[in-house]
Structures are given as structure tokens and as C-alpha cells.
Amino acid sequence: MTNSLRDRIAVILMQPGQPAADGLVLPYLRALLAAARPRPPSLPLRPLLGLRARLLARHFVLDEMAAVVEEPMEGALENALWGDGIVRVFTAGLFAPPSPIAIAHEVVAFKPDRLVLVPPSPLFSGGLNGMALQAWHRAANAAGLDVPTSSLCCHPTDAAVLRALSLRTGEVLAPGGTGSLLLVTPGTGWAGGDPLSWQMGRLAGELAKLMDVPAARIATARLDVPGFDEGGMLSVEQAIRRCRTPSLAILPLSPWPLIRAQWADFEGEWRDLGAASGILSLTLARPALAEGGELAPLVRQALAGRAGVCAGFGRRLCPDNHAHCPYRRMAVAAMRDAAMA
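Under our numbering, the residue at position 336 of the sequence shown is numbered 1262, and the numbers go up by one with no gaps.
What follows is the structure, encoded as C-alpha cells:
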């Protein structure tokens, strides 16, 4: 743990990233689809991935303003951690610039005493968090960065996450009302032991207790991203069609929808579908953990523990059949050549 307020602490926010120009949309989508596969795509499959990427590109809305606006999460998280040391927050893109290699060299120049790596999703995701951990470790090794590093693992029912979710939920779901809440995760599951669906169910149950609402009023769904395993979860569209309440609030669990520049790009489609399904009011809530300050308690937990993979408050949130944390043994070869048990 940190020994002094003068410790230099680097916090790395690993994010999927977004293409900064039209010419980068197809490479971005191809990389995203390739990451959805437990094994690297074979030569015969690469043209198929390219075709899927072109189909997705037709619906991709590039947010041109995002390229010129400074990343607000960095400043907010630095401000929230100002009393914990000399903190600098860096953002590295998994599928789009800035690359982890470039950021690793910036971190070397900062000369940190400790480093905390924050993965893209609070939920388990081999195609996002696992890839992010490996991409950063490769970049750090290439840059000669050798400092004690703590990596946050999945933390869906961590108290800090639940607090942020309860605040978002309170904005759109009245305890005494009749509306429903739909928790949505980007569809980034992997076949073969992925606990994403299990974690989503746990999260919904914990949030229902915290908000003092019936469990039936909080459901879960995945954003339908072609190529990613559905993990037995309903898509957002399927969940909207099954909704039997007059109002529905949709709460994304990640700031990044992956195949659109922002979640608001889906809002019109979902409202039209909701109206056709008899839903009188459909609201899109602000994404969870979209503000840097909300991550500060998790970063402090990582700093208080030993280097390595850190679970929130030391608790692992995996099904019973996961005897060992998948992230702890997720070497590149294991990720791509063996199913996660």
C-alpha cells in the first residue's frame, strides 16, 4: 500500500476507445469482432469478420465532437484522489488511439511508485477486460515499466459500484411506482465458463434490495453485438418486448456502447420499439461509472492491497464453479487457446 502522500501514483483507464475519423471505423469494428473470439480468427474466417464489420459500419454513428473534447474522466478522477498522493490518470484505448504502447511510455516519464489498472467493464469480460489486461502488460513490458501494479477485476456488487448505481437508479425509478429498470451491459460475453450473466443477476438482486423494490422490477439484458456470445441473456430489444409495465428505464452499466459513439444513439430506436410494445414512457439513464470520481473508492481499495489482481473489498464475485479467478491465470495463450473453466 502507499506509504506517503508524496507517492507518485499512475492510474490507467483502459477503455475500448472510439474511432476518431470515418476511415478508422472499419479497423475499429474488425478489431472488436476479433476480440469476441476466444481464439484468433483463422484465415477463412477473416473475410467473414470483414463483412460483419462493414454491416455494423452502416449503423455506426461517429461522434465527431468526441475527438476534440478532452477526456473528462481523467480530471475528475485526479481531483477525487488528490489527497492520496501525486496522482496522474492516463487513458489508453484498447481498439482505438491512444494506444497502450504510447501511454506506457508516458507513464515511464511520470516515474510512478505505484500503478493501478482499471479495466473497461465492472463485469467479467474476456473480450474486454481480459484483452485490456494483456494489452497493458505487453505495452508495459515493451516500455520497460516495472513498478508494483494492481489491476481491478470485475466488481459488479462492490459497495462503491452499488452506490453509483443506486444514485442513477433513484433518478429514474421511484420505489413506490410501477415502472421497471433494465440493466444493460455491452454484449461482450465469451462461451465456455463466462460468468457475465451470473454476475448481472447478482447485481440486479443486490440493487433491488438496496433500492427496496421488488426484484421483478429490475431486469438485465445485453446490447446485441454480432459476434459476441449471448451467454443466455436477453437482448435489449427482447427485454423491451417482454416488458409488462407502463414505464421502463434503461441503465447502461458501461459508458461505452462499443458499436455506437454513445448510448443516446440507441434511444430513438428503443423508444419506437417500446411504444409498439405498449410502453408509455421509456427513459435512458446516464451510464454507470461515466464520471471519474465514481471510480475513486475502487482505486483506493487497489492501493490499499497488495500488487496483483484486486477484487472489491477482497471479495470474489464468481460462480462456485470458478475455483480460481480467471484474470489471475489469463495469459495470452490461455485466453486464446483454452476455454476458461
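Virtual Cβ for every residue (Gly too), placed ideally from N, Cα, C. Just so you know, these numbers come straight off a predicted model, no measurement behind them.
Could you work out which residue in the options is closest to residue i when comparing CA atoms only?
{"i": "Gln1227", "options": "Phe1016, Ala960 and Val1044", "result": "Val1044"}
{"i": "Glu1163", "options": "Gly1102, Ala1086 and Leu1108", "result": "Leu1108"}
{"i": "Ile1185", "options": "Pro1112, Leu939 and Gly1231", "result": "Pro1112"}
{"i": "Leu1129", "options": "Ala1100, Arg1167 and Pro1178", "result": "Pro1178"}
{"i": "Ala1214", "options": "Gly1127, Ile1176 and Asp1198", "result": "Ile1176"}
{"i": "Leu1221", "options": "Leu1078, Asp1150 and Ala1065", "result": "Leu1078"}
{"i": "Leu939", "options": "Gly1231, Ala1035, Gly1218 and Arg1232", "result": "Gly1218"}
{"i": "Asp1150", "options": "Arg972, Ala1165 and Phe1021", "result": "Ala1165"}
{"i": "Ile1027", "options": "Arg1014, Ala1058 and Glu1000", "result": "Ala1058"}
{"i": "Gly908", "options": "Asn1067, Pro998, Arg1143 and Ala1065", "result": "Limits of the chain in this structure are 927 at one end and 1267 at the other, which puts residue 908 out of reach."}
{"i": "Arg1168", "options": "Gly1194, Trp1189, Glu1195 and Gly1200", "result": "Gly1200"}
{"i": "Pro1121", "options": "Val1110, Gly1105 and Leu1049", "result": "Leu1049"}
{"i": "Ala1187", "options": "Arg980, Leu977 and Phe986", "result": "Phe986"}
{"i": "Trp1273", "options": "Gly1105, Ala1145, Ser1106 and Thr1104", "result": "The requested residue 1273 is not part of the displayed model; the chain covers only 927 to 1267."}
{"i": "Gly1127", "options": "Leu1099, Ala1100, Ser1106 and Met1159", "result": "Met1159"}
{"i": "Ala1230", "options": "Asp1191, Ser1051 and Arg1040", "result": "Arg1040"}
{"i": "Pro1024", "options": "Leu1003, Ser1051, Ala1002 and Trp1062", "result": "Trp1062"}
{"i": "Ser1051", "options": "Ala1190, Cys1080 and Arg1064", "result": "Cys1080"}
{"i": "Arg1170", "options": "Arg932, Phe1036, Ser1106 and Ala1100", "result": "Ser1106"}
Near residue i, what residues of its chain come up, given a Cβ to Cβ distance below 8 Å and the 5 sequence neighbours on each side ignored?
{"i": "Met991", "result": "Low per-residue confidence applies at Met991: pLDDT is 45, beneath 50, and the placement is therefore not dependable, though the value from the model is reported in the following sentence. None."}
{"i": "Glu1097", "result": "Ala1211 and Arg1212"}
{"i": "Pro942", "result": "Leu958, Gly1019, Leu1020, Phe1021, Ala1022, Pro1046, Leu1054, Trp1182 and Leu1184"}
{"i": "Ser1161", "result": "Gly1113, Ala1147, Arg1148, Leu1149 and Asp1150"}
{"i": "Arg956", "result": "Leu975, Gly976 and Ala979"}
{"i": "Glu1000", "result": "Leu939, Val1015, Phe1016, Thr1017 and Gly1218"}
{"i": "Val1034", "result": "Ala1069, Gly1070 and Leu1071"}
Within the same chain, show all residues whose beta-carbon is closer than 6 Å to that of residue i, passing over the 5 residues directly before and after it, in chain order.
{"i": "Ile1029", "result": "Phe1016 and Ala1018"}
{"i": "Ile1012", "result": "Arg934"}
{"i": "Val1042", "result": "Val937, Ser1076, Val1225 and Ala1228"}
{"i": "Phe1192", "result": "none"}
Once the 5 residues before and after residue i are set aside, which same chain residues still bring their CB inside 7 Å of it?
{"i": "Ala1216", "result": "Pro1181"}
{"i": "Glu1132", "result": "Thr1083 and Leu1088"}
{"i": "Leu1003", "result": "Val937, Val1015, Gly1218, Gly1219, Leu1221 and Ala1222"}
{"i": "Glu996", "result": "Reliability fails at Glu996, whose pLDDT of 46 lies under 50, so the model's placement of it is uncertain and no value is given."}
{"i": "Ala1259", "result": "Note that Ala1259 has pLDDT 33, beneath the 50 cutoff, so the model's placement of it is unreliable and the number below is only indicative. Excluding sequence neighbours, Ala1259 sits near nothing in its chain."}
Rounded C-beta distance between residue i and residue j? I'm assuming under 8 Å.
{"i": "Ala983", "j": "Leu952", "result": "6 Å"}
{"i": "Ala1086", "j": "Leu1224", "result": "5 Å"}
{"i": "Leu975", "j": "Ala960", "result": "6 Å"}
{"i": "Ala1066", "j": "His1031", "result": "Between His1031 and Ala1066 the Cβ distance is about 10 Å, and since that is not below 8 Å, they are no contact."}
{"i": "Thr1104", "j": "Pro1038", "result": "51 Å between Cβ atoms; not a contact."}
Name the one or two DSSP bridge partners that residue i has.
{"i": "Val1235", "result": "Ser1077"}
{"i": "Ala1145", "result": "Leu1108"}
{"i": "Gln941", "result": "Gly1019"}
{"i": "Ile1176", "result": "Leu1108 and Leu1210"}
{"i": "Ala936", "result": "Arg1014 and Leu1041"}
{"i": "Ser1161", "result": "Arg1148"}
Is it true that the region 1092-1100 meets the region 1136-1151, where meeting means three or more beta-carbon pairs spaced less than 8 Å apart? yes
Is the region 940-948 in contact with the region 1003-1014, if contact means three or more CB pairs nearer than 8 Å? Of all C-beta pairs linking the region 940-948 to the region 1003-1014, fewer than three are shorter than 8 Å, placing the two stretches out of contact.
Determine, using beta-carbon pairs with one atom in the region 1071-1080 and one in the region 1202-1211, whether at least three such pairs fall under 8 Å. The way I'd put it, the region 1071-1080 doesn't touch the region 1202-1211; fewer than three beta-carbon pairs between them come closer than 8 Å.
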